[in-house]
Structures are given as structure tokens and as C-alpha cells.
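Chains as they are written, first to last, in this note's numbering: chain A, 230 to 362; chain B, 230 to 362; chain C, 230 to 362; chain D, 230 to 362.
There are 4 protein chains.
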Amino acid sequence: MTQAAEMLDTFPADLGRVNRAALVHCIEECFSCSQVCTACADACLSERDPAGLVRCIRGNLDCADLCDTTGRLLSRHTGFDIDTVRHTLEACAAACKSCADECERHEHEHCRVCAQACRRCERACRELITVLG
Amino acid sequence: MTQAAEMLDTFPADLGRVNRAALVHCIEECFSCSQVCTACADACLSERDPAGLVRCIRGNLDCADLCDTTGRLLSRHTGFDIDTVRHTLEACAAACKSCADECERHEHEHCRVCAQACRRCERACRELITVLG
Amino acid sequence: MTQAAEMLDTFPADLGRVNRAALVHCIEECFSCSQVCTACADACLSERDPAGLVRCIRGNLDCADLCDTTGRLLSRHTGFDIDTVRHTLEACAAACKSCADECERHEHEHCRVCAQACRRCERACRELITVLG
Amino acid sequence: MTQAAEMLDTFPADLGRVNRAALVHCIEECFSCSQVCTACADACLSERDPAGLVRCIRGNLDCADLCDTTGRLLSRHTGFDIDTVRHTLEACAAACKSCADECERHEHEHCRVCAQACRRCERACRELITVLG
Chain A
230 MTQAAEMLDT FPADLGRVNR AALVHCIEEC FSCSQVCTAC ADACLSERDP AGLVRCIRGN
290 LDCADLCDTT GRLLSRHTGF DIDTVRHTLE ACAAACKSCA DECERHEHEH CRVCAQACRR
350 CERACRELIT VLG
Chain B
230 MTQAAEMLDT FPADLGRVNR AALVHCIEEC FSCSQVCTAC ADACLSERDP AGLVRCIRGN
290 LDCADLCDTT GRLLSRHTGF DIDTVRHTLE ACAAACKSCA DECERHEHEH CRVCAQACRR
350 CERACRELIT VLG
Chain C
230 MTQAAEMLDT FPADLGRVNR AALVHCIEEC FSCSQVCTAC ADACLSERDP AGLVRCIRGN
290 LDCADLCDTT GRLLSRHTGF DIDTVRHTLE ACAAACKSCA DECERHEHEH CRVCAQACRR
350 CERACRELIT VLG
Chain D
230 MTQAAEMLDT FPADLGRVNR AALVHCIEEC FSCSQVCTAC ADACLSERDP AGLVRCIRGN
290 LDCADLCDTT GRLLSRHTGF DIDTVRHTLE ACAAACKSCA DECERHEHEH CRVCAQACRR
350 CERACRELIT VLG
């Protein structure tokens, strides 16, 4: 069991009818994608031609920030506000999509790994939106 | 002129048809609201009865994170992604509304100041959504 | 291979004489500890007696923020500033120690899991300080 | 009175022998510097020659993250941990110094404004370290 799953299991109050597997998966993808996007922005800066990667770097930075905030929100279950969570998941999915689209235009290995992380996180956000009802 | 306005004025490329006043105002409200919500969560922890303030604390933490991320996104103008920005502003406005609604239920001075900061930030986000077109 | 390790392997420039294993391990512990501390603060809020847990919640919030920032700094290798990195690792280790000390005073399962994550992250930070020279 | 000062004034418990003016000033400089560094990194990406600014961008990103985290820590007064705060202020001052040194090597207006914000924040952190005793 991962740390995020273990923390969800030790939550002391009723979690309601939440889909635990989808929630844990989304938390993990958010934190992972935040790290990968931070690293990809930096790797782009160390490429020979950073001028061709400025849209990629900016997309990485936005995506890192939104994944970070989304992962934090999803790690909290006390006094849950469905409207805030749903809009945040939409924003995170949009940032992941935009970042993946841009990363896929480049042949760098770090962009390839990053695009995959973004696609997984986008999917996890959209699945969680669906099961939130 | 504030720092945020000065930074916008020194941006070296074309900003397009953005409403500068609405953008600068929203950036400032986001950073200010993030600080105020962080402080309100902590002040709630030091009240005699934190048990009655748990929803308020949670709302403060979400709002602080979303204001922080929104302020960062709005401070970037390179390779702007309208879809991500709009969803992020919606998420931030929802968090501000939720936090203000909760803070207004309590008589503590810090909750009163925080509710005002959240209402201003919510309004600034919604106005920026409108002018983004 | 984990995502953080994969990103380090695809970095396009010379990393110098860095200890890759210690670096990757510390990045992973930082991101994991940030999630766990965020979740522990929230779980404390949902306990029957949050008043007895206010120091724990505050420590969790500081530790989550420092782990987050430390994980981000360590994910960047371009134009590395040793002085900033060393002080940041010291700050992160101090926050982890303080949070673990406090969590160990409570019998809640989430505090136990969180204390372990903080001890691992503190150790990873101190080991990285040592190998940084 | 600024928002940060107003929040400090409404804190419900004893703040101890803290120097309020130095604390409020440091909180304000941290949040302001975080915004300015985020904007400067982005402005650098939109310059004609981002390749010459990669160290500046990286320094901006580190400084934005550390100022953000430092501003949050200083906004919390419950269960204050002096050791964590002191190390965090040292890390923030180091990041501000490093970022200012780099920004001063460039003639761009945004780098000039950013260097000034970093110097002010570095000074505010060092002054607060001194008065913390």
C-alpha cells in the first residue's frame, strides 16, 4: 500500500461515498506529475536551444503548480467543498492536457516522460470528476 | 505603481488585448488573499474552541493554495493557455466564495478580515473571467 | 525505476559529481512527506479533540510547505546554487524533526504514519547535506 | 494598515516578545518577492535570447518557491518552532541573494525590478533573524 492510500485508510471520520481507488490514484498522479513537470522545465532550460522550448517551460510551470494544489486539496477530506474540488480538477486536467500537447512536439526524452505523466494525471482527474457525480 | 503592475509594464513581448488593470488587480488580490487565508487558518488554531472552526480552517487552506497557484499563473504571460487560466479562475473564485461563506459564520476578527479578502478576490477572479472573453 | 529517477537520467547536461541515489531518494521522500503531512493536518482536524492537536497541525503545515519547496529545488539542476540548497535542506530537516517529535506524542494512526514519513525525509535531507560536501 | 498587519493584530493568543514591525515587513516582502520572481522568470522566457538567461530563470524559480514558503511560515504563530523558522529565513535570504546577484548581471528592466525586490526581501529576512535572538 502506498503512503497516500495508508493516509486515506487512517482518516478518522466518515469519507462518504467517495471512490477510494480513484481518489488515491489521482492524488498520486498529481504529486508525481508536479515533480516531473518541475524537472522537465529545468531540463528544457539546459537544452542547447531553450528558445524553442519556452512554451513547453511555461506549460510545465503552470502544470506543476496546479498538480501541487490539486494533490493538496484531494488530500483533505474535512469539510469537503464539491464545487471547489470539481473546478480544481477541471483546471488541473486542462493544464495537464496543454502541457502534454506541447511536450509531444519535442523529441527530448524528458519531454516524452513528462507528456506521459501529464496524460496519466489528466486521465486520473477526469475519472475522478466522473465518479464525484 | 505596485510591484505587480511594474512587472507587467516591463514584460518584453506583446500582451495581446488583455485588460491590464483587471489582471494586475486580480494578481494582487490572489497573493494578498493567500497570505490572509494562511494567517486565518493559524489564528483559528489558536482560538479557545478550534473544534468549532474545522470547516473554516480547511476552507482557508484550500483557498490559500488556490490563490497562490492562481496568482502565479496570472503572473506568466508567455504561451498563455486560455482554457487553463479560465478553469483556474473558476476554481479560485469557488474556493474564495466557500471560504468567505464559512468565515462569515464566525465572530472572530480574523475571520471578518479574511471574509473581506476572499470576497474581493472572488470578485477580481470573476471580473477577469468576464474580460478574458 | 521511479519517475524522479527517470527524469534525472534524461537531464541533458552534466550533473557534476552529485550522488544520484541520494538525490533521487531525497526528492521522493520530500514529495511523499509533503502529501502525508497535508493529509495528517486534515485528519487531525477531523479527530474528536482537535484542540489537543493544534501544535501537530501547525507542524504538519510547515513541514508540507518546506518538503514541497525542497522537492522542487532538488528537481532543478541548471545553475545550481549550493548555498541555497544546503540551507533549504537544513530547514526541511528541522521541520521534519519538529513535526515527527510532535506526531509521536499522539496515538492516532495518521500521526504514526506521518512521524515515520518525517523521520525518513529528515534522514534523506541530512544524508544529502553530507554528500553535497 | 496592510492586510498582513491587520491579520497579525487580530491573532487571538499571545505572540510573545516578537518584533511585530520586522515580522510584518518580512511577510510582505516574501509575498511580493515571490510574485516578482515568478513574473521575472516568465519575462526572461519572452526575451529574444532566453539562452543567456537560464541561470536567472532557475534562480527566479527557487526564490519564488522559498519566498512563498517563508511567507507562509511567518504567517503562522501557533506552536512556533524557532529552529525551523531560523533555517527557513537563512534559506530564503540565500535564494534572494543568489537571484539578485544574477538579475544584476542583465540589463532588462524586469531583472532590475526583480533584483531590488530580492535585495529588500534578503534584508528583511536577515533583520528578522537578528531580532529573533
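Built from N, CA and C at the ideal position, the CB exists for glycine as well.
- Legend: CB atoms of the region 324 to 355 of chain C lying less than 7 Å from CB atoms of chain D belong to residues Ala324 and Ser327.
- For C:Gly288, the chain D residues whose C-beta falls within less than 8 Å of its own C-beta are Gly308 and Asp310, listed in chain order.
- Any Cβ of chain A closer than 9 Å to the Cβ of C:Cys292 would place that residue at the interface, and such an atom is absent.
- Per DSSP, the unbroken alpha helix (DSSP H) holding B:Thr313 starts and ends at Ile311 to Cys332.
- One Cα belongs to A:Val314, the other to B:Cys255, and the distance between them is close to 21 Å.
- With fewer than three CB-CB distances shorter than 8 Å, the region 268 to 279 of chain C does not count as touching the region 268 to 276 of chain A.
- Sequence-distant partners of A:Asn248 (beyond 5 residues in either direction) whose C-beta falls short of 6 Å from its own C-beta, in its chain, are Val360.
- For B:Met230, no alpha helix (DSSP H) run applies, since DSSP gives it neither H nor E.
- For B:Ala280, the nearest CB of chain C lies under 9 Å from its own CB, placing it at the interface with that chain.
- Counting only the Cα atoms, A:Met236 lies some 7 Å from C:Val265.
- For chain B, none of the residues of the region 234 to 253 of chain C brings a beta carbon within less than 8 Å of one of its beta carbons.
- By the Cβ neighbour-count rule, B:Arg301 is buried, with 16 or more other Cβ atoms within 10 Å of its own.
- Rounded to the nearest angstrom, the gap between the Cα atoms of C:Val283 and D:Thr307 is 7 Å.
- Taken through DSSP and simplified to helix, strand or coil, B:Ser275 comes out as coil.
- For a Cβ distance threshold of 7 Å, residue set Thr307 of chain B lies close to D:Leu274, ordered along the chain.
- Distance from the CA atom of D:Ile286 to the CA atom of D:Ala329, rounded to whole angstroms, is 12 Å.
- Between D:Leu357 and D:Ala324, the C-beta spacing is not below 9 Å.
- D:Gln232 sits close to B:Ser261, with the two beta carbons spaced by under 9 Å.
- Looking only at C:Gln345, C:Ala251 and C:Gly362, the smallest Cα-Cα distance to C:Asn289 is reached by C:Gln345.
- Interface with chain A (9 Å Cβ-Cβ cutoff): C:Thr267 is included.
- Using beta-carbon distances, D:Ala320 does not count as an interface residue toward chain A, since no partner is under 9 Å.
- Look at B:Gly362: its C-beta is not under 9 Å from any C-beta on chain D.
- What D:Arg301 touches in chain B, judged by beta-carbon distance under 7 Å, is Thr267, going in chain order.
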